Structures are given as structure tokens and as C-alpha cells.
Amino acid sequence: MTMRIGGLASGMDIDAMVKEMMKGHVVRRDQIYQKKVQTEWRQTEIIDLNSQLRDFRDAIFKLKLSNSTSPKSVTSGNSIAVTATATADAANTSHMVKVKSLAQGVTKGSEAAISATANANKNALKTHLGLTSTDVFTMKLNGKEISVDPNKSIYEWVNNINKAGAGVKANYDVNLDRVFLYTTEQGPTTKIDFTGTTDAQAQEMIGKLKLGASPTDNWSLDVNGDGTPDNVGYKWVGTAAEVEIDGITYSNLSKNTLTVAGVVYSFLQKTEGTAEPIVTLQVSPDLEGTVKTVKDFVDKYNEMLNKLNGELKEKTYRDFLPLTDEQKRAMKENEIKLWEEKAKSGLLRNESSLRNLVSQMRFAVSDAIGELKGKYKSLSSIGITTGLYSEGGKLYLNEDVLLKALTENPDVVSELFGTTVTKADPSNPENKINDLSRSGVAVRLYDRLKEAMDKMRVRAGTLPGADDMSDLGKQLRRYNKQLDDMEERMHRLENQYYRQFSALETALQRANAQSAWLSQQFGAKG
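So the sequence shown is numbered by this note's numbering: it starts at 46 and just counts up by one.
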């Protein structure tokens, strides 16, 4: 460590002199620091913009799908019994539905209070139900073994059922003093089945739960007639749904939903045997839904375009550079905030990749779709037009024109946005790429956005400040290396200056001491 001696002998302000001598080096260091900070800001700005483009691209992807651009509505003549939704592939026609039965699971509950004594639910299971033994035993429910400890409460047994994975949930209602069992699914494969429970204590307990009669409620029933009890006891099975749609019967359904020809039916009540056994459902184009989809697109497009144009045109304040720590210490907090707002302004002004993206977006929405014939071949033909040149490509929608086009062709929006035409990739003929001159608007936009986002990731990476291999990430590493090297050189140079001044001070002190000694000698002789 260099010893720093003040200017006692020379009378010089050595600290001030060293600081002055270092000033040029500090300026160069600060310039690199400011470039580094600008690069960090630019990286963050690009990554944030890329995130917004990703959200916009995801919205555009939905417009490639006919379900978004050609939605269907379904009206039911009896929505209490049958409802439905339809995909874009569903035909615009009516369907006749009869519900013969519903898919149901099994629900069984105690038919009466089960406690053998007052407040028994607070006691051990043996006392609660009046069991004859305290030995731990096992019962089987849907093939799963359920451990039962008569010395613990009924809640322990309920918990063991719920975590057994038997497809059954249990509940004990303390106010009713009853047990309830529910299957977690519906249909003929669901069941509450204690078959296989051979332990006499388990059989006794199941009987005391008072779940009511079942087709196999006798534990000693000889089903196969071999003279030996089969221990088949208590079993209940769910039921299947059966429906008739347009004259075709669909049986043994495990759920109360069914998809046929793009229509997703939901069955809520049995209709067979009622005053209105047949329910009529009408599938129609959802023109209002399509108009809303187009309006949302126009709004999102304009929002994204406005963001990009704003970045490209944002004013740059060249005199406002990033502040150093020393400069910040001399300023108030609000002054720092205002300064940095100007310093960050215009970081992406005239950025070439953004200019190219804006141009591609405008071409994507304005050019006709080469694959389409007839009168509806461009967005302008359905009422989507651009405003004044000064508005930078902003879109406007004439809903009356759009509705007229939809009335003539309900699929016109789907065709304009989602048409996809591919061609061989020149770089690899075995691959297929989108022919953007003939494809729909959403296909064009999606591809152009993806291309721009890929370039932005190469430029800035995906996470601000990450030590990545992006162009700006590499630049930041170079700046950090330069700053580290400069700090090291400045530290050595500063120490060198202090050593030189220290040597000077030492020499002056010696000279002063010698001068004083000579003066003393001459004075003595006089």
C-alpha cells in the first residue's frame, strides 16, 4: 500500500494535484461507463419490446384458426335439458336431440343416524358404531385396502378413504350423524364396491353404516351355487348416458357430454318420456363474435404499430448522458429522475430492425391475398383501411362494410386471415415455408413477427443483464473488461503519482533540515 504524505514541506495540496492529474483518465473511464449504461438500457428496452411483440404474435396466432375468425353460435329449444357449443367446422344447420338417460355416478348415504350412543362422534369408532372388537382390521373399497382402527374416530376412517385413490370421497355429517360416499366420476364404470371385504369386523362396520340395501347386500350370499358364501356384499354401480342425435343412438356414454360433427353437446336432463322429448338446436354463424374478433385485431394492431412508431421517432437528447455515481451525489432525487428520462429517450430511434418490421406489418395488412378469388381478396374489401400517411399506417374499421361481407360469406374473415399456402424452401427444398404473397394476413403477420423477434433475441438476448451471447451481451462484457482494466491502470497510476510526490516531500524535508542546520552553524560562528 502506497504511503500518502501531505504537502507539509512543499505547502502543496497534493490530493488536489493528483486528482487534477487523474482527471483525463476519469473522463475516459466515465465515457466508457456511460456507453455501458446506455447499452444496458438499450438491451432492456429491446427485451421489453420483444415481450410485447410476443403477446401480439400470440394474439395473431389465434387469427390463423377458424374457431376465432368464424365462430358459431348454438341456440337450444330447451336449454334446461340440452346445451351445445360449436367449432368453426360445424355445419350451419339444426339438430334433433333426445336424452334417454344421463350418466351418473354413485351417491350413498346412511339412511339413519349411525351413533350407538349419545355424542358418539366424539368417541372412538368402536364406541361410536358399537363395534364388538378393538383390533385393527382392513376393508376393501373398489379393490383398495382401507385400514380401520376402532380406537380412533370416524374422521380417521373418512380420511383414509379420501386418500386411498379408490375413486370415492367420504364425508361424515356430525349434525345428521350420517356417512356419505360419492364417486368422483360418472358413468357405468364408476362404483362403490365393498366386494372382497372378508374380515368379519369390516363386514360388521359396513352394516352399521346403514347404507341401505344393494343387489348384493348379503355377505353370506352363495352367488355361484357351490354351497360356499361368496362374501360379495354391498356394491352399487353408476349408470351410462344414452342419447339420440339426428336419429342416431349413442349408448353407454360415461359422461354427459358428446362431440358430434363439430358440435359439443351437454346433456343436463332426461327428455324421453317428457312432454317435449326432442330438443332442437340450431347452429348459426356468430357474426357478432366475428366482428368483435376483427375489432380486437384492429385495436391490438394499432396499439403495437403505435408503440413501434413511437420508438422509431422518439427524440434523442444527446447532451443527457447517463449519470455517474459522483454526479448523482450532487443532485436531488427528482432531478435524477428527470435527467434519466431524457437520457433514456430515443434509444431505439431509427432502429433498422424496427423500421423493417413496421414496413412488413403494413404490407401484410394492405396487400391482397393472392390465393383468393372474387371480390373479397384484401382487408380493405371488408372495411379495414389505413388512415392518413401521417398516422403511420393506423387501421380503421367500417363495421357496416364488414357485416355486409359476412352476410354474403360468413367465412370471409377466416379466409382473409387464415389462408395458408406453402412452397419449397429455397435453402432446403425438402422443407415447406409459407408463401406470404398468397397466404392470409394472420399467416403473414405471424411469420414477420417471428422473424423480427428472432433478430431481436440475437441482438439483445432474453434477460436483461444476463451474461448471454447476444450482440449487446458481448458488448457489455467488453465494456466491463475495459472498465476493470482502466480501474486497475488508474489505481497504479494514482499510486505512482503519490509515490513521486512523497519522494519530493521527503527531498524537500531533507533540504529544509540541511538548510536549518547550516543556518544554525553560521549563526553560532557569528
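Yeah, the Cβ is synthetic: ideal placement off N, Cα and C, and Gly gets one too. Computed from a prediction, not measured in an experiment: that's the story for all the values here.
Spatially closest choice to residue i from the options, by CA coordinates
i, options, result
"M406", "K253, I105, V71, D75", "I105"
"F462", "Y78, S482, R394", "S482"
"F365", "L357, R493, S390, L350", "S390"
"V619", "I237, N95, T242, A136", "Outside the displayed span of the chain (46 to 571) sits residue 619, for which this structure offers no information."
"N137", "Q327, E85, L256, Y441", "Q327"
"R363", "E386, K373, L353", "E386"
"Y310", "K500, P474, K64, T130", "T130"
"L254", "D529, A469, I159, D103", "I159"
"D222", "M67, V466, T243, T162", "T162"
"K360", "L538, D180, Y441, N395", "N395"
"V193", "T240, Q248, L226", "Q248"
"T465", "R489, Y346, A450, L528", "R489"
"N525", "D344, T84, A61", "T84"
"K340", "G428, E533, T294", "G428"
"T294", "L517, D180, M141, A375", "M141"
"F182", "G292, L368, T172, W202", "W202"
"L440", "E380, V410, N204", "V410"
"S118", "L110, D344, K68, A135", "A135"
"L357", "K109, M535, S397", "S397"
"K345", "E65, L108, K68, R523", "L108"
"A487", "E65, K81, D103", "D103"
"T229", "P195, D271, G283", "G283"
Unbroken beta strand (DSSP E) run spanning residue i, endpoints
i, result
"K280", "280-282"
"G69", "Unbroken run through G69 is the alpha helix (DSSP H), 59-108; no beta strand (DSSP E)."
"L298", "293-298"
"M184", "182-186"
CB-CB length for residue i against residue j, believed under 8 Å
i, j, result
"Q97", "P509", "Not really, about 15 Å apart at Cβ, beyond 8 Å."
"V224", "A215", "7 Å"
Test item: CB-CB of residue i and residue j under 8 Å
i, j, result
"I59", "F546", "yes"
"I92", "A388", "no"
"Y279", "L256", "yes"
"Q246", "S178", "yes"
"K145", "E317", "yes"
"K242", "I251", "Before going on, a small fix: residue 242 reads as Thr here, not Lys. The answer is yes: Cβ separation under 8 Å."
"T273", "S139", "no"
"I199", "L170", "yes"
"S115", "D445", "no"
"W281", "S265", "no"
"A306", "L147", "no"
"F101", "M376", "no"
"V343", "L447", "no"
"M514", "N95", "no"
Simplified DSSP state of residue i, which is helix, strand or coil
i, result
"K236", "strand"
"A306", "coil"
"G52", "Confidence in G52 is poor, its pLDDT being 49 and thus under 50, which makes the residue's placement unreliable; the coordinate value appears in the next sentence. Reduced to three states, the DSSP call for G52 is coil."
"G154", "strand"
"M46", "Caution applies to M46, whose pLDDT of 46 falls short of 50 and renders its modelled position unreliable; the model cannot decide the point."
"S425", "helix"
"L332", "helix"
"A548", "helix"
"A409", "helix"
"L326", "strand"
"D516", "helix"
"A131", "strand"
Delimiting residues of the alpha helix (DSSP H) encompassing residue i
i, result
"T465", "Unbroken run through T465: none, as it is neither H nor E."
"I251", "245-253"
"D492", "486-505"
"N204", "199-207"
"N112", "111-114"
"I381", "378-389"
Cutoff 8 Å: residue i Cβ touching any chain D Cβ
i, result
"V324", "Judged by its chain identifiers, the structure shown contains no chain D, having just a single protein chain."
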